[in-house]
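As you go down the protein sequences, you meet chains S and F in turn.
Using the numbering used here, the first residue of the first sequence is number 5, and each one after it goes up by one.
Using the numbering used here, the first residue of the second sequence is number 125, and each one after it goes up by one.
The C-beta atom is built at its ideal place from N, Cα and C for all residues, glycine as well.
Input: a single structure, listed below in structure tokens.
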Amino acid sequence: MAGLHKSEFENPVIRWVDSRLPIFTMMQKEYGVFPTPRNFNYLWNFGALAMVNLVIMIATGIFLAMNYTPHATMAFDSVERIMRDVNFGWLLRYVHANGGSMFFIVVYIHLARGLYYGSYKMPRELLWILGVVILLLMMATAFMGYVLPWGQMSYWGATVITNLFSAFPLVGDYIVTWLWGGFSVDNATLNRFFSLHYLLPFVLVGVVFLHIAALHITGSNNPLGIEVKGPQDTLPFHPYYTIKDSVGICVYLIVFALLVFFAPNYLGHADNYIPANPLVTPAHIVPEWYFLPFYAILRSVPDKLGGVLLMFGSIGVLALVPWLDTSPVRSARYRPVYRILFWVLVLACAVLLVCGGKPPEGIWVVLSRVATAYYFLHFLVILPVLGKFERPLPLPESISRAVLADGGGGGPLPGGAAAKPMEKA
Amino acid sequence: MAESAAAPHPAPHSGGAEVTKRDFLKLVAGAGAAVGVGAIVWPMIDSMNPAADVLALSSTTVDLSPIVAGQAITVVWRGKPVFVRHRTPTEIEEARAADKLRLPDPATDASRVKPGHDQWLIVVGICTHLGCVPLGNRSTEVRGEYGGWFCPCHGSEYDTSGRVRRGPAPANLPVPPYAFEGDTKIKIG
Ligand code: HEM
Ligand code: FES
Chain S
5 MAGLHKSEFE
15 NPVIRWVDSR
25 LPIFTMMQKE
35 YGVFPTPRNF
45 NYLWNFGALA
55 MVNLVIMIAT
65 GIFLAMNYTP
75 HATMAFDSVE
85 RIMRDVNFGW
95 LLRYVHANGG
105 SMFFIVVYIH
115 LARGLYYGSY
125 KMPRELLWIL
135 GVVILLLMMA
145 TAFMGYVLPW
155 GQMSYWGATV
165 ITNLFSAFPL
175 VGDYIVTWLW
185 GGFSVDNATL
195 NRFFSLHYLL
205 PFVLVGVVFL
215 HIAALHITGS
225 NNPLGIEVKG
235 PQDTLPFHPY
245 YTIKDSVGIC
255 VYLIVFALLV
265 FFAPNYLGHA
275 DNYIPANPLV
285 TPAHIVPEWY
295 FLPFYAILRS
305 VPDKLGGVLL
315 MFGSIGVLAL
325 VPWLDTSPVR
335 SARYRPVYRI
345 LFWVLVLACA
355 VLLVCGGKPP
365 EGIWVVLSRV
375 ATAYYFLHFL
385 VILPVLGKFE
395 RPLPLPESIS
405 RAVLADGGGG
415 GPLPGGAAAK
425 PMEKA
Chain F
125 MAESAAAPHP
135 APHSGGAEVT
145 KRDFLKLVAG
155 AGAAVGVGAI
165 VWPMIDSMNP
175 AADVLALSST
185 TVDLSPIVAG
195 QAITVVWRGK
205 PVFVRHRTPT
215 EIEEARAADK
225 LRLPDPATDA
235 SRVKPGHDQW
245 LIVVGICTHL
255 GCVPLGNRST
265 EVRGEYGGWF
275 CPCHGSEYDT
285 SGRVRRGPAP
295 ANLPVPPYAF
305 EGDTKIKIG
């Protein structure tokens with residue numbers, strides 16, 4: 005039939021739809037038979053986990069918004085009402101608040117995975133950059149969400165972060181007034197933050213779609229960092245990776261549930277249960293834990309503009325990694341020096357995370373300066389230079405060769421090619 | 125259209141830099157569209173700036189008579205805290221003495237008060253670093269080494285003229301626009 009897509013589905017209803025709008029064919033191609041490297045480890049679960057997390061945030065957020073009042077005099081009380089009076093309101097709010105933390109845990113691991121296995125290298129540069137855009141959008145969304153309960157931390161966090169823009173010469177103050185819609189953080193600010201907090205997650209959905217679309221053009225990287233050479237290197241996504249992802253999702257949900265049901269306020273700040281007071285700044289204002297490394301970078305510089313530029317630069321530099329890293333080898337498994345320096349970078353980030361939560365004095369200032377210096381050194385100096393001098397280990401010929409050679413490394417393998425390791429077992 | 129009829133396929137890069145009527149029309153249409161989009165976007169952007177009612181609430185009157193020397197109060201102006209401090213003669217002297225030092229944001233004490241009202245220091249109580257409210261308006265709070273205010277957020281210290289003396293803050297506490305209405309009353313804004 006002219007004009008209709010030739011559907012391979014048997015079910016008449018599905019076939020009728022699919023011939024006119026081949027979404028079933030597309031799903032089958034992209035998530036059913038999609039050829040996926042056969043040697044993924046569990047670090048490859050975190051993309052799927054992030055997607056699940058985004059869905060959880062949107063679902064809980066929509067229902068919270070039904071009971072939330074975005075007004076400076078009513079927001080705090082409406083959140084307390086959600087906690088006390090609304091049926092399961094406490095659950096929605098605790099899932100949403102801790103979901104923010106889980107989202108960052110998942111995405112930071114996902115990102116570190118990319119750095120370790122060189123997933124940002126040709127041809128996946130744009131895929132990586134879209135990931136950095138996702139990170140920025142997430143940060144903006146989480147920041148504005150944290151303002152909504154209108155507690156002391158909400159208010160003063162909003163004040164300090166929006167004031168960052170005043171560091172820019174000439175236009176800084178106009179930008180800040182414009183962001184606030186007034187002369188301080190106030191009702192106008194709360195209203196627009198709510199509007200944007202509702203909007204940005206859907207923008208995120210759009211960018212995630214592009215991220216996945218780009219992924220399905222280049223195909224996934226894998227722990228060996230070598231390209232797929234043929235069908236013997238891949239498995240169909242379903243059922244192999246749908247199952248592996250499901251296992252990961254169960255573990256993730258267990259951790260999530262532990263947080264929500266046993267320590268729902270562990271990652272929060274008690275000060276945020278005090279209503280916002282524009283005349284009194286709490287003694288220690290600290291952002292949510294997932295912003296602490298950036299906060300530490302900000303405070304490690306004694307100059308206001310310098311601190312702000314360095315903080316934004318610390319994310320900007322990530323977008324440049326595909327060009328900063330000059331090594332042709334992707335996976336750190338075959339880069340003996342990079343493999344060590346990767347962990348030094350992780351350590352530097354951990355130090356920054358701790359320092360960001362401490363008062364900016366004494367040893368904490370020194371430590372955050374050292375860690376900030378290493379962070380930038382790693383990306384701007386070590387990555388470009390190391391690629392030229394490091395002697396990579398010999399790469400395996402192909403994924404299937406490597407996997408079958410060590411039998412245990414990738415776990416027992418189903419499918420025709422796996423017959424040999426099964427004999428060994 | 126006459127040109128395009130004469131040369132049915134005017135390849136964009138053929139024959140060097142021939143400027144056609146079509147190029148001109150494209151430019152004009154593009155520029156027109158850009159102006160149009162700008163004209164629609166600007167109202168949206170500007171709607172985020174302070175609204176008329178926010179601007180209208182922009183002056184506050186303060187009665188100074190109950191504030192004794194050495195004491196300070198906080199009033200709200202445009203949603204921001206404003207410190208109104210009745211300085212003691214020693215505090216004024218300290219501030220004047222510091223005029224000669226190298227200050228991060230140089231300003232004389234005289235330029236920060238109204239002539240004849242040296243005892244009254246009126247400054248916006250918002251740290252010029254990242255906007256926290258410095259401590260020190262109550263005499264029980266820490267005032268830092270320079271006797272003015274101390275910001276708990278990142279440790280900036282201000283003197284008895286509200287000038288930054290130490291810490292990451294780049295500028296002095298700003299003096300809001302205000303005028304004396306009689307000896308014991310001011311209008312801020
Ligand atoms: C990327 C996804 C999202 C992230 C990272 C995020 C993050 C946050 C965070 C950190 C809070 C503060 C929680 C607290 O301490 O109380 C919050 C609050 C809130 N969010 Fe979201 N959110 C997301 C999506 C959404 C969506 C899609 C909606 C609405 C459709 C929404 C509606 C709300 C509401 C109404 C609140 C205030 C109630 C409360 O404080 O719990 N969120 N969000
Ligand atoms: S806000 Fe006052 S020192 Fe940073």
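Asked: Closer than 7 Å at the beta carbon, the chain S residues around M172(F); Found: W182, G185 and R196
Asked: Same chain, Cβ closer than 7 Å to F314(F), five either side skipped, listed in chain order; Found: It is not possible to answer for residue 314(F), since the shown part of chain F is limited to 125 through 313.
Asked: C-alpha gap between P1(S) and A116(S), whole angstroms; Found: Within the shown structure, residues of chain S are numbered from 5 to 429, placing residue 1(S) beyond reach of any answer.
Asked: Given P205(S) as reference, the closest of H9(S), A146(S), S250(S) and N45(S) once Cα atoms are compared; Found: A146(S)
Asked: Min CB distance L227(F) to chain S below 8 Å; Found: no
Asked: Under 8 Å between C-beta atoms of W160(S) and L194(S); Found: no
Asked: Contact shell at 7 Å, judged by CB to any heavy atom of the ligand FES, ordered along the chain; Found: V164(S), C251(F), H253(F), L254(F), G255(F), C256(F), P258(F), C275(F), C277(F), H278(F), G279(F), S280(F), G291(F), P292(F) and A293(F)
Asked: Residues in the region 303-332 of chain S having any Cβ partner in chain F nearer than 9 Å; Found: R303, V305, P306, D307, K308, L309 and G311
Asked: 7 Å CB neighbourhood of T238(S) in its chain, flanking five on each side removed; Found: P39, T40, P41, R42 and V232
Asked: Chain S residues whose Cβ lies nearer than 7 Å to that of H278(F); Found: R303 and P364
Asked: DSSP bridge partner residues for R117(S) (one or two, in chain order); Found: According to DSSP, R117(S) bridges with nothing at all.
Asked: Through-space distance from H253(F) to H114(S), alpha-carbon basis; Found: 35 Å
Asked: Straight-line Cα distance separating Y294(S) from F108(S); Found: 7 Å
Asked: Pair within 8 Å by beta-carbon distance, W184(S) and D190(S); Found: yes
Asked: contact_flag[the region 349-360 of chain S, the region 369-377 of chain S] where n(CB pairs < 8 Å) is 3 or more; Found: yes
Asked: Secondary structure of G155(S), DSSP reduced to three states; Found: strand
Asked: F107(S) Cβ short of 7 Å to the ligand HEM heavy atom set; Found: yes
Asked: Cβ-based neighbour list, E129(S), same chain, cut-off 7 Å, excluding 5 preceding and 5 following; Found: P326
Asked: The region 272-279 of chain S contacting the region 341-348 of chain S, beta-carbon criterion three pairs below 8 Å; Found: no
Asked: Between the CA atoms of I133(S) and G249(F) - distance to the nearest angstrom; Found: 42 Å
Asked: heavy atom of the ligand HEM below 7 Å from G272(S) C-beta; Found: yes
Asked: Buried versus exposed, by CB contacts within 10 Å (16 or more), H100(S); Found: buried
Asked: Contact test: L296(S) Cβ vs the ligand SAH heavy atom, cutoff 7 Å; Found: Ligands in the displayed structure: the ligand HEM and the ligand FES; the ligand SAH is not one of them.
Asked: Same chain, Cβ closer than 7 Å to G420(S), neighbours up to 5 away in sequence not counted; Found: At G420(S) the pLDDT is 42, less than 50, meaning the model places this residue with poor confidence; the figure from the coordinates comes in the next sentence. None.
Asked: Local conformation of L208(S) per DSSP, three classes; Found: helix
Asked: DSSP three-state assignment for D22(S), whether helix, strand or coil; Found: helix
Asked: Opening and closing residue of the alpha helix (DSSP H) in which T331(F) lies; Found: Chain F is shown from 125 up to 313; residue 331(F) falls before or after that span and cannot be answered.
Asked: Same chain only: Cβ atoms within 6 Å of R220(F), ignoring 5 sequence neighbours per side; Found: D233
Asked: Sequence ranges, alpha helix (DSSP H) only - wholly within the region 280-359 of chain S, length at least 4; Found: 296-304 and 308-328
Asked: Cross-strand partners of L259(F) (DSSP beta bridge); Found: F274(F)
Asked: Interface partners of K204(F) on chain S, CB under 8 Å; Found: F187, S188 and P282
Asked: Contacts around W201(F), its chain only, beta-carbon distance under 7 Å, and the 5 residues preceding and following it disregarded; Found: T184, P300, I312 and G313
Asked: Residues from the region 149-160 of chain S in contact with chain F, defined by Cβ distance under 9 Å; Found: W160
Asked: Neighbour flag for G255(F) against chain S, beta carbons, 8 Å; Found: yes
Asked: Residue environment, V237(F), which counts as buried when at least 16 other CB atoms sit within 10 Å; Found: buried
Asked: Nearest-angstrom beta carbon gap, I319(S) and V136(S) [assumed within contact, 8 Å]; Found: 7 Å
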